[in-house]
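Q: Residue 384 in this note's numbering is what sits at position 109 of the sequence shown, and the numbering runs on without skipping anything.
We put the beta carbon where it would ideally sit given N, CA and C, even for glycine.
First the structure, then my questions, so here it is.
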Amino acid sequence: YAYDALGALVHVEFPGGTQLEYVLDAASRRVGKKVDGTFIQGFLYEGRRVIAELDGAGTVISRFVHATRSHAPDFMVKGGITYRILTDPLGSPRLVVDTRNGTVAQRMEYDVWGNVVADSNPGFQPFGFAGGLYDRDTKLTRFGARDYDAETGRWTAKDPIRFAGGDSNLYAYVGNDPVNLIDPSGRFAGPTPVVTVAAGVSLNWVAGAGLAFSGGWLAGTWLNENFLEAPIQAFLWSHFGNDTVSTTPACSGAPARGHGNIGSYSSPIDSDEFLGAAEDWLGPSYLHLAPGVYRSGDGLRQVRMTDGDLGGHGGRTYPHGHFEALDPFGNVIENDHVPLTP
Numbered sequence: 276y277a278y279d280a281l282g283a284l285v286h287v288e289f290p291g292g293t294q295l296e297y298v299l300d301a302a303s304r305r306v307g308k309k310v311d312g313t314f315i316q317g318f319l320y321e322g323r324r325v326i327a328e329l330d331g332a333g334t335v336i337s338r339f340v341h342a343t344r345s346h347a348p349d350f351m352v353k354g355g356i357t358y359r360i361l362t363d364p365l366g367s368p369r370l371v372v373d374t375r376n377g378t379v380a381q382r383m384e385y386d387v388w389g390n391v392v393a394d395s396n397p398g399f400q401p402f403g404f405a406g407g408l409y410d411r412d413t414k415l416t417r418f419g420a421r422d423y424d425a426e427t428g429r430w431t432a433k434d435p436i437r438f439a440g441g442d443s444n445l446y447a448y449v450g451n452d453p454v455n456l457i458d459p460s461g462r463f464a465g466p467t468p469v470v471t472v473a474a475g476v477s478l479n480w481v482a483g484a485g486l487a488f489s490g491g492w493l494a495g496t497w498l499n500e501n502f503l504e505a506p507i508q509a510f511l512w513s514h515f516g517n518d519t520v521s522t523t524p525a526c527s528g529a530p531a532r533g534h535g536n537i538g539s540y541s542s543p544i545d546s547d548e549f550l551g552a553a554e555d556w557l558g559p560s561y562l563h564l565a566p567g568v569y570r571s572g573d574g575l576r577q578v579r580m581t582d583g584d585l586g587g588h589g590g591r592t593y594p595h596g597h598f599e600a601l602d603p604f605g606n607v608i609e610n611d612h613v614p615l616t617p
């Protein structure tokens, strides 16, 4: 196995001499696979979601529609046919069903650690255990930043954010609890996505558009599950408890404005709690970029608690701070708003 400077798997040499190469983009997303130098498979993304699979010629052979989950698709369009992908609570595909007649096109079964024990149509779609990208050649499953080996129940590489991931064992997969926890980002283990509603927030269905809500947040913002795949949710959940941190994102339209996704919370925390969690999130040797703005040494994590945030700007009447994740170019790909006690 060979890895790049960020710890991502990029090359595998098999005992018989076959060479496998993974192609990564600037955001470390797996966009292609080569075998003995020949491109055989590719992927297109929207954020961190896989939305299409490509063949060796770069032609789209499957498109994926995400609806109820952020890390696993609900539908696949392949060969002009729409298939429903039925998953278990972790997001592992169990049945792929032809929506025209209910015929099962693929049936998959796994053991508790994610080993594929039955597959009626190998390679029909690329997803595997817990919604990760499954490679039948290596039997590894790709989750965001790392590859998971179900045979050993461990990651193949250290957590790229080291101990900020919340586990002293940098190779342990979801705290050795694959039945209840998932880690779509490859950085933080967290509970399986369950949409909850923050206290004082009302939800109203808007056909074809998601959910509009009002209450502790600016009325009219939009709600979906884009945010659930990102690592900050699990980090804050582990620090403040699931009773405080809601798994419901509050403004999925924010990325279009360059702000990342915005999450909401059920109750405020005090500033000492916030700052303590901020130091854990940033890790050692973080940088002070501007008043109230701090960034991790690797440039991938950021915390903001500026005078404007404490004044409750942005249509919100309460003080709040931000936990943010950045891509390698410094763009915000995840933005968590955490309310603070006055």
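Applying the 10 Å Cβ sphere with the 16-neighbour rule, what's the burial state of G551?
A: The residue given as residue 551 occupies position 276 in the sequence shown. Under this definition G551 is an exposed residue.
Q: In chain order, what residues of the same chain have a beta carbon less than 8 Å from the beta carbon of P559, not counting five sequence neighbours either side?
A: Position 284 of the sequence shown, counted from the start, is the residue given in the question as residue 559. Excluding sequence neighbours, P559 sits near G572.
Q: At the level of alpha carbons, what is the spacing between R411 and V285?
A: Here the question's residue 411 lines up with position 136 in the sequence shown. Here the question's residue 285 lines up with position 10 in the sequence shown. The straight-line gap separating the alpha-carbon atoms of R411 and V285 is approximately 16 Å.
Q: Can you check which of these residues, L575, P397, V387 and Q400, is closest to T455 by C-alpha distance?
A: Locating residue 455 in the sequence shown gives position 180, counting from the first residue. Sequence check: residue 455 is Asn here, not Thr. Comparing Cα-Cα distances from N455 to each of L575, P397, V387 and Q400, the minimum goes to V387.
Q: In whole angstroms, what separates the C-alpha of A332 from that of R338?
A: In the sequence shown, the residue the question calls residue 332 occupies position 57. In the sequence shown, the residue the question calls residue 338 occupies position 63. Those two C-alpha atoms are separated by around 16 Å.
Q: Would you call P290 buried or exposed, if buried means 16 or more other Cβ atoms sit within 10 Å of its Cβ?
A: Working through the sequence shown from its first residue, we reach residue 290 at position 15. The residue in question, P290, is exposed, as its Cβ has fewer than 16 Cβ neighbours within 10 Å.
Q: Using CA coordinates, which residue listed in L295, S460 and G596 is at the minimum distance from Y569?
A: Sequence index remark: in the sequence shown, residue 569 carries index 294 (1-based). The shortest Cα separation from Y569 among L295, S460 and G596 belongs to G596.
Q: Compute the Euclidean distance between the alpha carbons of F266 and Q577, then round it to the nearest angstrom.
A: Only positions 276 to 617 of the chain appear in the structure, and residue 266 is not among them; the question remains open.
Q: Please determine, among L365, T378 and P368, the residue with the shortest C-alpha to C-alpha distance to I356.
A: One-based indexing of the sequence shown puts residue 356 at position 81. Checking every option, the nearest Cα to that of I356 belongs to T378.
Q: Going by DSSP, what residues sit across from Y423 in a beta bridge?
A: To locate residue 423, count along the sequence shown from 1; it is residue 148. Beta-bridge pairing links Y423 to T416 and W430.
Q: Helix, strand or coil: how does DSSP classify G398 here?
A: Start at 1 with the first residue of the sequence shown, and residue 398 comes out as number 123. Under the three-state reduction of DSSP, G398 is assigned to coil, being neither helix nor strand.
Q: Please state the DSSP three-state secondary structure of R437.
A: Position 162 of the sequence shown, counted from the first residue, corresponds to residue 437. Three-state DSSP puts R437 in a helix.
Q: Ends of the beta strand (DSSP E) at G596?
A: Taking the first residue of the sequence shown as 1, we reach residue 596 at position 321. Segment H595 to L601, the beta strand (DSSP E) holding G596.
Q: Thinking C-alpha only, which one of V392, Y446 and P397 is nearest A420?
A: Against the sequence shown, residue 420 aligns to sequence position 145. Ranking the options by Cα distance to A420, first place goes to Y446.
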